[in-house]
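Note sheet for the following structure.
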Amino acid sequence: MKSLSLYQEFDISVYETEKWEYGTHRHNFFELVFILEGKGTHILNDNGKGYQEGCLFLLTPEDYHSFEIQERTRFCIITFNKIYFSRESHFNESLMDFSELFKKLEIIFCNANYLQHEPLRNEEDKLFIGILIRKLIKEMEEKHFFYATIVQNSIFLLLNIIARNIQQNLSADLKNNNIKSEIGDILAYIQQNIYQKEKLRIEVIADYFYKSKNYISQYFKEETGESLKDYISKYKINLVKNRLMHSNLTISQIADELDYTDESHLNKIFKLFFGQTAKQYRQEQKKRIINHEQ
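The sequence shown begins at 1 in the numbering used here and counts up by one.
What follows is the structure, given as structure tokens:
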């Protein structure tokens, strides 16, 4: 398996072929793949899914994938690093700082199982994204005034649409599994407010849904099998895990960002969930990436 690294913050390309030439490969960056035309199978993390014109796939860092092409295929491939949405970006000094808003998109990473299949189910969104991506290609080809800002805003819009679809998919799947829709609403509320400690207090959640503290605590546990407190802790620690893999933040900075008392407190919780400290986990992931690149 090949491991591909991104040495610039952003790239968009159109690639047409009858045979996939890259084999199965792994990324250290984010990649959007849109099928402009063609037919075949996309194999993501060993799971195959048929594709055709209009399909969209999002690959997060460390995903590995390949394509089996049945009919000549034209791909639009958009790659970017998380830094592309922050003030640290050197791509173009006119770009906006979306670093805080980008955090809200972490529903994508914490519900990665939905990315094993095409994340878009809404037909209107599919049509809109097709138009938007074709406009993106044109912007990058023509490079008129303000094109860099237009491109960045368009990519951010794409990611928001994907995140919304994943959230809707989660709610629909909960309903299909006979889990009450209100649980889906509570889960969405927690995920959307995970950086705001005050909004995650049980009494605040209860007030938001017009329930008593006791009722919402009991109801949540009956429907999910775990307490509100445990679910919030688990969700937060998975965000920590993503930070350790996909950012250059220090463990102390991650602790501060996710409202742990300090690095020691974060390590204690992390070890409780994963059997190793945050530092050990990060070192292990770095070694794994190096081994894949050799």
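Beta carbons are placed, not taken as given, at the ideal position from N, Cα and C, and that holds for glycine.
Check, Outcome
"Going by alpha carbons, who is nearest to E226 out of Q167, H246, I183 and V204?", "I183"
"With DSSP as the reference, please indicate the residues paired to H42 in a beta bridge.", "K49 and F67"
"Just the Cα atoms here: how many angstroms apart are R87 and S247?", "Confidence at R87 is low in this model, with a pLDDT of 49, below 50, so its placement is unreliable and no value can be given for it."
"Is there a C-beta anywhere in chain B that falls below 7 angstroms from the one on L157?", "Reference to chain B is not applicable here, since this structure consists of a single protein chain."
"Look at the Cβ atom of L36, then the Cβ atom of R72, and state whether they are nearer than 7 angstroms.", "no"
"Give the single residue among V240, D207, R201 and S252 whose Cα lies nearest to the Cα of K229.", "R201"
"Less than 8 angstroms between C-beta atoms, sequence neighbours within five positions excluded: which residues of the same chain meet that for F128?", "I161"
"Quick check on the burial criterion: 16 or more other C-beta atoms within 10 angstroms. Buried or exposed for Q253?", "exposed"
"Would the region 53 to 64 count as touching the region 16 to 36 if we require 3 or more Cβ pairs under 8 angstroms?", "yes"
"Kindly indicate which three-state DSSP category D259 falls into: helix, strand or coil?", "coil"
"Give every residue of the same chain whose Cβ lies closer than 6 angstroms to the Cβ of Q70, excluding the five residues on either side of it in the sequence, and list them in chain order.", "K39 and G40"
"I'd like the ranges of any alpha helix (DSSP H) spanning at least 4 consecutive residues and lying wholly in the region 184 to 244.", "202 to 208 and 213 to 224"
"Assuming Y64 and N47 form a contact by the criterion Cβ under 8 angstroms, report the distance between their Cβ atoms to the nearest whole angstrom.", "Contact flag wrong, Cβ pair sits at about 11 angstroms."
"Whole angstroms is fine: what's the gap from V240's alpha carbon to N267's?", "10 angstroms"
"When the Cα atoms are used, what is the spatial distance from D11 to I186?", "37 angstroms"
"Please report the distance separating the alpha-carbon of S302 from that of K287.", "Residue 302 lies beyond the residue range present for the chain, which begins at 1 and ends at 294; the question has no answer from this structure."
"Would you kindly work out how many angstroms separate the C-alpha atoms of E16 and L258, rounded to a whole number?", "43 angstroms"
"Residues in the same chain with beta-carbon distance under 8 angstroms from Y210, minus the five sequence neighbours each way, listed in chain order, please.", "none"
"May I have the straight-line CA-CA distance separating M140 from K271, to the nearest angstrom?", "45 angstroms"
"If you measure between the beta carbons of A188 and Q168, is that distance less than 7 angstroms?", "no"
"What three-state label does DSSP hand R87 in the structure shown?", "Confidence is the limiting factor: at R87 the pLDDT is only 49, short of 50, which leaves the residue's position unreliable and the question unanswerable from this model."
"Should F146 be labelled buried (16 or more other beta-carbon atoms within 10 Å of its own) or exposed?", "exposed"
"From what residue to what residue does the alpha helix (DSSP H) around F128 run?", "E123 to E142"
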